[in-house]
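K.L.:
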Amino acid sequence: MVAEKRSSYEEIRQRTIEENKKKLEELDLSLLTKSLRETASPKPYPVKQVKKRKIDVGSKSFERRWSGRLSDKPAPNYRDAMLEYANIDRPRNRTYKRRDLLNRVYASDEARHYAIKRAQEIENTLGPDSLTFVKAMLQSHTTGGFWLKNGLSAGWRGFAIEHELVDGDAVVFHLVNQITFKVYIVRQSAFAESKAVASAPPKLEN
Numbered sequence: 001m002v003a004e005k006r007s008s009y010e011e012i013r014q015r016t017i018e019e020n021k022k023k024l025e026e027l028d029l030s031l032l033t034k035s036l037r038e039t040a041s042p043k044p045y046p047v048k049q050v051k052k053r054k055i056d057v058g059s060k061s062f063e064r065r066w067s068g069r070l071s072d073k074p075a076p077n078y079r080d081a082m083l084e085y086a087n088i089d090r091p092r093n094r095t096y097k098r099r100d101l102l103n104r105v106y107a108s109d110e111a112r113h114y115a116i117k118r119a120q121e122i123e124n125t126l127g128p129d130s131l132t133f134v135k136a137m138l139q140s141h142t143t144g145g146f147w148l149k150n151g152l153s154a155g156w157r158g159f160a161i162e163h164e165l166v167d168g169d170a171v172v173f174h175l176v177n178q179i180t181f182k183v184y185i186v187r188q189s190a191f192a193e194s195k196a197v198a199s200a201p202p203k204l205e206n
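In the numbering used here, the protein residues as written are 1 to 206.
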């Protein structure tokens, strides 16, 4: 009895296995799995190379006018305009002699104070209603970055080199109108000259 039940169970199990195999063959799952795998990892598309567009200046490709206002006017010749622009001589910047950084002047404290004092005396002679200020020159004003003040640094490098300003000089700026300064320069070297004159022996009169 038990043997018959076991044999019938084995037959049913074997029959089920055969049916499943047949279904797998009909569905062809191996091919389906392969196709799903290819779909899950698509091949990268080749990068499309973008060709640079070349503009032919010499061609007549500028004759079309989209604006009705300009349709009755002749088309501009951009080629001539480009050539004319290319042949224009651009104004060259004014050149100044370069400062020899190895021969920088380093003013002494006495010479610096002397120049500032003399500049303040000049400033006092201009009157209390005058718009003035005194600026003591440093290396950054005369040989370095040539930075002075906001609104005054443009053109300052050329001015400093042209007038041979050095460290220790004092400059009086007097505003004479909205865009113009009158400048008074006191040289720090005048301190050594004044000492030389003061220490010179008096001349004897015959």
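We put the CB at the ideal spot given by N, CA and C, even for glycine.
Can you name, in chain order, every residue of its own chain whose Cβ lies under 7 Å from the Cβ of E231, other than the five neighbours on each side?
P.N.:
Because the chain here runs from 1 to 206, residue 231 falls outside it and cannot be looked at.
K.L.:
Spatial neighbours of L138 within its chain, please: C-beta separation below 7 Å, excluding the five flanking residues on both sides.
P.N.:
Closer than 7 Å at Cβ, skipping near neighbours: D167.
K.L.:
Would you identify the three-state DSSP class for L175, choosing helix, strand or coil?
P.N.:
strand
K.L.:
Let me check understanding here. Comparing Cα to Cα, which of Q49, E110 and T16 lies closest to Q188?
P.N.:
E110
K.L.:
Tell me the DSSP secondary structure of K149 in three-state form.
P.N.:
coil
K.L.:
Would DSSP call A154 helix, strand or coil?
P.N.:
coil
K.L.:
Take R118 as the anchor and find which of L131, A160 and A170 has the nearest alpha-carbon.
P.N.:
Among L131, A160 and A170, the Cα nearest to that of R118 is on A170.
K.L.:
What is the rounded straight-line gap between the Cα of H174 and the Cα of T132?
P.N.:
5 Å
K.L.:
What do you get for V176, buried or exposed, if any count of 16 or more other CB atoms within 10 angstroms of its CB means buried?
P.N.:
It counts as exposed.
K.L.:
In whole angstroms, what is the alpha-carbon distance linking A136 and A196?
P.N.:
23 Å
K.L.:
Among all the DSSP beta bridges, which residues are the ones paired with F133?
P.N.:
F173
K.L.:
Rounding to the nearest angstrom, what Cα-Cα distance links H113 and D129 in this structure?
P.N.:
Distance between the alpha carbons of H113 and D129: 25 Å.
K.L.:
Per DSSP, what kind of secondary structure is T143 in: helix, strand or coil?
P.N.:
coil
K.L.:
Taking the alpha-carbon of Q178 as reference, which of Y184, L152, R157 and I17 has the nearest alpha-carbon?
P.N.:
L152
K.L.:
Is the beta carbon of A115 closer than 7 Å to that of V186?
P.N.:
yes
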